[in-house]
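Peer 1: Right, I'll just put the structure down here and ask away after.
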Amino acid sequence: MSKPGEAGLKALADYLAQDMRACNQVIVARMQSPVALIPQLAAHLVAAGGKRLRPLLTLAAARLCGYDDQDGKLRHVEIAACVEFIHTATLLHDDVVDESQLRRGLASANAIFGNKASVLVGDFLFARAFQILTADASLDVMAILSAASATLAEGEVMQMTTQNDLSTSVDQYLQVIYGKTAALFAAACEAGAVIGEPAPELREALRVYGANLGMAFQLVDDALDYAADQAVLGKEVGDDFREGKVTLPVLAAYEAGSEEDRVFWRRVIEDSEQQPEDLEKALKLIAQTDAIGATLRKAEDYAAKARDALLVFPDCEIRSLLIETASYSASRER
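Each residue of the sequence shown is one higher than the last, beginning at -10 in the numbering used here.
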């Protein structure tokens, strides 16, 4: 039985099914290239599926702001595809950096095609995204998504600099997850809003909604790395632990733990000296200190801010579905 948030996300996808079909057609068409490896690797990514949450938010924001595609241009569809290309490009690059072997339950692109191909196809998708933006010719939309792309890269670099460092503060951690995840959620929503040409306060409300939804989404992602069923999650549980990533579950467990516990965390995270049995111990310490609970409560705080941001809009079906999607972001299981 699905949770209310999951039902809301499915209902949002159903509500926008025609737009999403058009978006998926654009994605497939724009992934084509006479260089055979590019569509091959792209087809692997399409087959892996995924929630398509970011482009869905772009479509929803445009519709909430009254965008009407009677001119036949389907601008919201093109920009949604652009958002998905930016997201997919960063995933390709991140999997290489993290040496990930699984993505959405399947072998990652770098595991099949190699690191070089993954990086270069990621570059191709970034280039495609900006071709779409150039054709759309909105300086506002281009400014939003180009700034988000820069922030995504900054977030990943900042994560790299905080890796293996238990002196990282919660505020620094939150800056990292804003950069690597929430910034694109915010941009996806704001770019969709711009297409609908709303009043400035409505555009800002959607930006705030996306930013807070993205924060909740990443917090839950970090919690799931220590709490999920790997078969459900679709990637290896404990990846963050093995890579020495300093996430809120680790920071909370480290802060609440005994000195003996802290010695353990310093060895496995800061010194990168891990034994096969250490993940099991880490999971036990995280459970004992309610670190997952603390992370999920923080996620719910952000989800509540996302829901509140939409109250400036008149009550309507798509607003209700976006509010439920914010709940999904803090309660999902994969």
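Think of the CB as a built atom: it goes at the ideal place given N, C-alpha and C, for glycine as much as any other residue.
These numbers come from a predicted model, not from an experiment.
Count the CB pairs spanning the region 301 to 308 and the region 250 to 260 that are closer than 8 Å, and state whether there are at least three.
Peer 2: The answer is no - the region 250 to 260 does not touch the region 301 to 308, with fewer than three Cβ pairs under 8 Å.
Peer 1: May I ask you to report which of helix, strand or coil DSSP gives A6?
Peer 2: Taking the first residue of the sequence shown as position 1, residue 6 is located at position 17. Here A6 sits in helix by DSSP.
Peer 1: With a cut-off of 8 Å, do at least 3 Cβ pairs link the region 165 to 175 to the region 135 to 151?
Peer 2: These segments touch.
Peer 1: Would you list, in sequence order, the uninterrupted alpha helix (DSSP H) runs of no fewer than 4 residues that lie entirely inside the region 203 to 274?
Peer 2: Listed in chain order, the complete alpha helix (DSSP H) runs (minimum 4 residues) inside the region 203 to 274 are 219 to 222, 228 to 231, 237 to 245 and 248 to 254.
Peer 1: In terms of residue numbering, what span does the alpha helix (DSSP H) encompassing E289 cover?
Peer 2: Start at 1 with the first residue of the sequence shown, and residue 289 comes out as number 300. Run containing E289: A280 to A298, per the alpha helix (DSSP H) assignment.
Peer 1: DSSP three-state label for A175, please.
Peer 2: Here residue 175 corresponds to residue number 186 of the sequence shown, with the count starting at 1. Looking at A175 - three-state DSSP - the assignment turns out to be helix.
Peer 1: State the DSSP-derived secondary structure class of N153, mapped to helix, strand or coil.
Peer 2: Walking along the sequence shown from the start, residue 153 turns up at place 164. Here N153 sits in coil by DSSP.
Peer 1: Looking at the ligand ZN, does it come within less than 8 Å of A136, judged from the CB to the closest heavy atom?
Peer 2: With respect to the ligand ZN, the structure shown offers nothing to examine, as it has no ligands at all.
Peer 1: What residue does the alpha helix (DSSP H) around K105 start on, and which one ends it?
Peer 2: What you label residue 105 is simply residue 116 of the sequence shown in a count that begins at 1. Per DSSP, K105 belongs to the alpha helix (DSSP H) from N104 to D125.
Peer 1: With 9 Å set as the bound, which would you pick, yes or no: does the beta-carbon of A292 sit closer than that to a beta-carbon of chain D?
Peer 2: The structure shown contains no chain D; it is built from a single protein chain.
Peer 1: Whose CA, out of R231, S22, F302 and T284, lies closest to the CA of A268?
Peer 2: As a first step, residue 268 must be located in the sequence shown, where it is residue number 279. With the sequence shown as reference, residue 268 is identified as Leu, and Ala is not the correct amino acid for it. Nearest of R231, S22, F302 and T284 to L268, Cα basis: R231.
Peer 1: List the endpoints of the continuous alpha helix (DSSP H) containing D160.
Peer 2: Mapped onto the sequence shown, residue 160 falls at position 171. Per DSSP, D160 belongs to the alpha helix (DSSP H) from V159 to I166.
Peer 1: Tell me where the alpha helix (DSSP H) around L48 begins and ends.
Peer 2: In the sequence shown, residue 48 corresponds to position 59, counting from 1. Looking at the DSSP string, the run of the alpha helix (DSSP H) that includes L48 is L42 to L53.
Peer 1: Look at the alpha carbon of A276 and the alpha carbon of V209, and state the distance between them as a whole number of angstroms.
Peer 2: For the purposes of this step, residue 276 is taken as residue 287 along the sequence shown, with counting starting at 1. For the purposes of this step, residue 209 is taken as residue 220 along the sequence shown, with counting starting at 1. Straight-line Cα distance between these residues: approximately 15 Å.
Peer 1: Can you tell me whether L300 is buried or exposed, with buried defined as 16 or more other CB within 10 angstroms of its CB?
Peer 2: Indexing the sequence shown from 1 puts residue 300 at position 311. So L300 ends up on the exposed side.
Peer 1: For A(-4), which residues of its own chain have a beta-carbon under 8 Å away from its beta-carbon, when the five flanking residues on both sides are left out?
Peer 2: The residue given as residue -4 occupies position 7 in the sequence shown. Only E313 meet the Cβ criterion.
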